[in-house]
Amino acid sequence: MTTDGKKAARDQVVRMDNLIMDDLFSMSDEELLREAAENGIDVAAVGVEGQKAFERAQQIVGRNRLALVRQEMSEDEKKSPIPVDREKAQSEVNAILARNREMSKKLTMAARNEAGELSDDMDGILDDFVELGAIAQGGKDKDA
Amino acid sequence: MSSSAPERLLKSLGIERPEEIDLEAVAWSIGAKVKYRPLKSCEARICGYGDRAIISVDSNRMPQRKRFSVAHEIGHWTYHKGQLLVCRASDIGSFGGFRKGAVSPEFVADQFASELILPSYILTPILKQFKALNLKTVGEISTAFKASKTATAIRLVQSNQFHAMLVCHGRNGRRWFLRPPCVPDRWFPQDDLDRDSYAFDTLFGSKQEQVHPRKIGADAWFDRSEANRYEMFEHTFPLPNDEVLTLLTFTDEEMMEEWDTSRSFRRR
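Sequence order for the protein chains is A and B.
Letter 6 of the first sequence, counting from 1, is numbered 6 in the numbering used here, and no numbers are missing.
Letter 249 of the second sequence, counting from 1, is numbered 249 in the numbering used here, and no numbers are missing.
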């Protein structure tokens with residue numbers, strides 16, 4: 001079949017598809033159910049099959065996504081840690097926290113079962129904010 | 001039936017079996033990276049900036065606790081992005097709403113963690129294999145889902161599929177309890193442990209988990225006149241911090257009958 005022939009055939013299929021969809025959408029639910037019953041179709045069974053097909057599709061897409069996530073995690077593990085100037089750690093983080101309260105909702109922080117002082121883990125917190133891009137490398141706040 | 005947020009997250013990665021629940025991958029899929037490192041000030045934390053976050057979990061904790069902490073922080077990332085929160089030790093175990101309001105961020109994160117680690121759509125078909133709830137059941141399910149026994153027991157009681165209740169006691173009395181909707185609310189556990197209860201012996205004596213559930217008079221647990229007519233099963237295991245957790249299972253159907261207390265009140 002020529003390219004023009006293929007295009008014409010595809011257009012025909014699209015027109016037929018549109019015609020069927022228009023027909024279906026113009027019918028009420030009751031009419032659709034009645035017509036299905038007349039044709040011997042078990043609507044409930046079709047619904048169950050449809051749900052199963054959807055769940056299968058969802059699982060396939062999900063597993064592909066999980067594989068991609070694992071690939072990204074594996075690549076991230078190979079990255080070298082970013083060197084951090086720790087001298088101004090306390091003030092830098094405090095400045096970010098203060099600014100967050102005032103002007104933005106960009107920052108999230110939560111600690112579970114906090115028993116000590118935030119400053120006890122300041123090095124790690126600074127590392128995290130540098131890695132996340134909240135503080136530019138070398139201790140300068142990105143948004144400063 | 002609509003899924004909860006944790007279930008949607010798991011389903012979006014095609015997860016269908018307990019061993020597939022990879023929390024690091026789940027976190028990554030929503031922009032959060034998990035790191036295990038020694039922490040001094042807390043058990044776990046999340047630092048987020050924009051739509052990316054790093055979850056840090058104390059590497060010195062037990063595997064099940066680390067797992068719950070990761071799930072808890074994913075809960076914060078899902079519901080509390082852009083907030084600064086601190087959860088104190090006293091907030092832990094706020095799942096039942098008996099000590100904290102149901103809208104507290106810690107309750108929300110704990111509930112999320114519980115559903116992420118033990119999701120209903122995977123758990124429910126497995127639960128159907130078990131006729132009774134006891135600590136053996138709890139142990140088998142906690143192993144399969146790599147969850148703590150406490151978190152698993154809470155989830156199983158919350159599932160509302162068993163006539164059972166959880167009660168936690170410390171040396172100074174009852175700390176919290178969890179009663180599912182299928183258990184009538186007239187069954188309210190006493191503040192203090194009865195000396196006849198096996199839980200009392202576990203807390204103040206043996207400190208060992210009971211091997212089997214033991215039959216005991218319901219009046220050892222409930223301060224109601226009708227309680228002395230019934231027996232039930234008690235199964236206790238010790239928790240850290242000098243506490244014990246008891247799984248009470250109701251075997252007498254009469255105990256599960258709902259009373260119309262409003263009508264009896266009017267008759268008086």
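Note that CB positions come from ideal geometry on N, CA and C, so glycine has one too.
Note that the structure is predicted; figures quoted are calculated from it, not measured.
Residue i versus the options, residue with shortest Cα-Cα distance
i, options, result
"MET62 (chain B)", "B:GLN210, B:LEU245, B:PRO240 and B:GLU24", "B:PRO240"
"GLY68 (chain B)", "B:LYS146, B:THR124 and B:SER12", "As written in the sequence, residue 68 (chain B) is Phe, which differs from the Gly given in the question. Among B:LYS146, B:THR124 and B:SER12, the Cα nearest to that of PHE68 (chain B) belongs to B:LYS146."
"ASP242 (chain B)", "B:MET256, B:ARG179, B:PHE222 and B:ARG174", "B:ARG174"
"ALA44 (chain B)", "A:ASP121, A:ASN94 and A:GLY133", "A:ASP121"
"GLU114 (chain A)", "B:ARG65, B:LEU39 and B:LYS149", "B:LEU39"
"LYS35 (chain B)", "B:THR246, B:ALA144, B:VAL57 and B:GLY139", "B:VAL57"
"PRO83 (chain A)", "A:ASP23, A:PHE129, A:LEU33 and A:ASN18", "A:PHE129"
"ILE122 (chain B)", "B:ALA109, B:ILE74, B:PRO18 and B:HIS72", "B:PRO18"
"ALA57 (chain A)", "B:HIS72, B:LEU23 and B:GLY14", "B:GLY14"
"HIS212 (chain B)", "B:GLN111, B:THR137 and B:LEU127", "B:THR137"
"GLY139 (chain B)", "B:ASP22, B:GLU16 and B:LEU247", "B:LEU247"
"PRO125 (chain B)", "B:ALA151, B:SER148 and B:LEU156", "B:LEU156"
"GLU73 (chain B)", "B:LEU116, B:SER41, B:VAL103 and B:PHE204", "B:LEU116"
"PRO81 (chain A)", "A:LEU126, A:THR2 and A:ASP11", "A:LEU126"
"GLY133 (chain A)", "A:ILE20, A:ASP23 and A:LYS106", "A:LYS106"
Closer than 8 Å to chain B by CB, residue i
i, result
"MET103 (chain A)", "Residue placement at MET103 (chain A) cannot be trusted, given a pLDDT of 47 that sits under 50; what the coordinates show is reported in the next sentence. Cβ-Cβ to chain B under 8 Å: no for MET103 (chain A)."
"PHE129 (chain A)", "yes"
"THR3 (chain A)", "no"
"ALA134 (chain A)", "yes"
"GLU117 (chain A)", "yes"
"LYS52 (chain A)", "no"
"ILE125 (chain A)", "yes"
"ARG56 (chain A)", "no"
"ASN113 (chain A)", "yes"
"ALA144 (chain A)", "A caution first: ALA144 (chain A) carries a pLDDT of 46, below 50, which makes its placement in the model too unreliable to give a value."
"GLY47 (chain A)", "no"
"GLN59 (chain A)", "yes"
"VAL84 (chain A)", "no"
Cβ shell of residue i (< 7 Å), same chain only, five flanking positions each side left out
i, result
"GLY272 (chain B)", "Here chain B covers residues 1 to 268 and nothing more, so residue 272 (chain B) does not appear."
"GLY97 (chain B)", "Confidence at GLY97 (chain B) is low in this model, with a pLDDT of 36, below 50, so its placement is unreliable and no value can be given for it."
"LEU85 (chain B)", "HIS76 and PRO105"
"ILE154 (chain B)", "PHE95, SER114, LEU166 and LEU178"
"GLY48 (chain B)", "TRP77 and LYS81"
"GLY217 (chain B)", "ASN228 and GLU231"
"ASP223 (chain B)", "GLN190"
is_contact[residue i, chain A] using C-beta, thresh 8 Å
i, result
"TRP28 (chain B)", "yes"
"ILE46 (chain B)", "yes"
"SER59 (chain B)", "no"
"GLY170 (chain B)", "no"
"GLY139 (chain B)", "no"
"HIS72 (chain B)", "yes"
"TYR49 (chain B)", "yes"
"SER69 (chain B)", "yes"
"ILE117 (chain B)", "no"
"GLY101 (chain B)", "Here GLY101 (chain B) scores only 44 on pLDDT, less than 50, and its place in the model should not be relied on; the value that follows carries that caveat. Output row for GLY101 (chain B): interface = no."
"LEU123 (chain B)", "no"
"GLU19 (chain B)", "no"
"ARG52 (chain B)", "yes"
"HIS212 (chain B)", "no"
"LYS66 (chain B)", "no"
"SER114 (chain B)", "no"
"ARG37 (chain B)", "yes"
"PHE265 (chain B)", "With a pLDDT of 45 at PHE265 (chain B), under the threshold of 50, the predicted position of this residue should be treated as unreliable, though the coordinate-derived value follows. Output row for PHE265 (chain B): interface = no."
Neighbourhood of residue i by C-beta, 6 Å cutoff - its chain only, sequence neighbours within 5 removed
i, result
"GLU20 (chain B)", "none"
"LEU10 (chain B)", "PRO119"
"ASP194 (chain B)", "ALA220"
"GLY101 (chain B)", "Note on GLY101 (chain B): pLDDT 44, under 50, position unreliable in the model; no value is reported."
"MET255 (chain B)", "TYR230"
"PHE112 (chain B)", "PRO6 and GLY75"
"GLY141 (chain B)", "Just to set this straight, residue 141 (chain B) is Ile in the shown sequence, not Gly. Once the five neighbours on either side are set aside, the close Cβ partners of ILE141 (chain B) are THR152."
The ligand PLP heavy atom lying under 7 Å from the CB of residue i
i, result
"GLN158 (chain B)", "Questions concerning the ligand PLP fall outside what the structure shown contains, since it holds no ligand whatsoever."
Same chain, Cβ closer than 8 Å to residue i, neighbours up to 5 away in sequence not counted
i, result
"GLN208 (chain B)", "THR202 and PRO238"
"ASN270 (chain B)", "Nothing about residue 270 (chain B) can be reported from this structure: the residues present for chain B run from 1 to 268 only."
"ARG214 (chain B)", "TYR198, PHE233, GLU234 and HIS235"
"VAL43 (chain A)", "LEU33, ALA36 and ALA37"
"ILE46 (chain B)", "ALA32, ALA53, ILE54, ILE55, SER56, GLU73, HIS76 and TRP77"
In the stretch 64-136 of chain A, which residue ranges form an unbroken alpha helix (DSSP H) of at least 4 residues, counting only runs that do not cross its ends? The DSSP assignment places 89-103 and 122-132 as complete runs of the alpha helix (DSSP H) inside the stretch 64-136 of chain A, in order along the chain (cut-off: 4 residues).
Inter-stretch contact (C-beta, 8 Å, three-pair minimum) for the stretch 21-40 of chain B and the stretch 68-75 of chain A: A contact exists between the stretch 21-40 of chain B and the stretch 68-75 of chain A.
Using 8 Å as the cut-off, can you tell me whether the stretch 248-258 of chain B makes contact with the stretch 224-238 of chain B, which would need three or more C-beta pairs spanning the two stretches below that distance? Touching, per the Cβ criterion.
Contact between the stretch 159-166 of chain B and the stretch 178-196 of chain B (3+ Cβ pairs under 8 Å): Judged by Cβ distances under 8 Å, the stretch 159-166 of chain B makes contact with the stretch 178-196 of chain B, as three or more pairs qualify.
Curious, which full-length alpha helix (DSSP H) runs of at least 4 residues does the stretch 108-175 of chain B contain? If we require 4 residues or more, the alpha helix (DSSP H) runs fully inside the stretch 108-175 of chain B come out as 120-127, 135-145 and 149-158.
Completely contained alpha helix (DSSP H) runs for the stretch 50-85 of chain B, where each covers 4 or more residues: Within the stretch 50-85 of chain B, the complete alpha helix (DSSP H) runs of at least 4 residues are 63-79.
Considering only residues of the stretch 196-243 of chain B, which uninterrupted alpha helix (DSSP H) runs meet the minimum length of 4 residues and lie entirely inside it, listed in chain order? Within the stretch 196-243 of chain B, the complete alpha helix (DSSP H) runs of at least 4 residues are 198-201.
Complete runs of the alpha helix (DSSP H) confined to the stretch 3-33 of chain B [at least 4 residues]: Fully enclosed alpha helix (DSSP H) runs of 4 or longer: 5-11 and 23-29.
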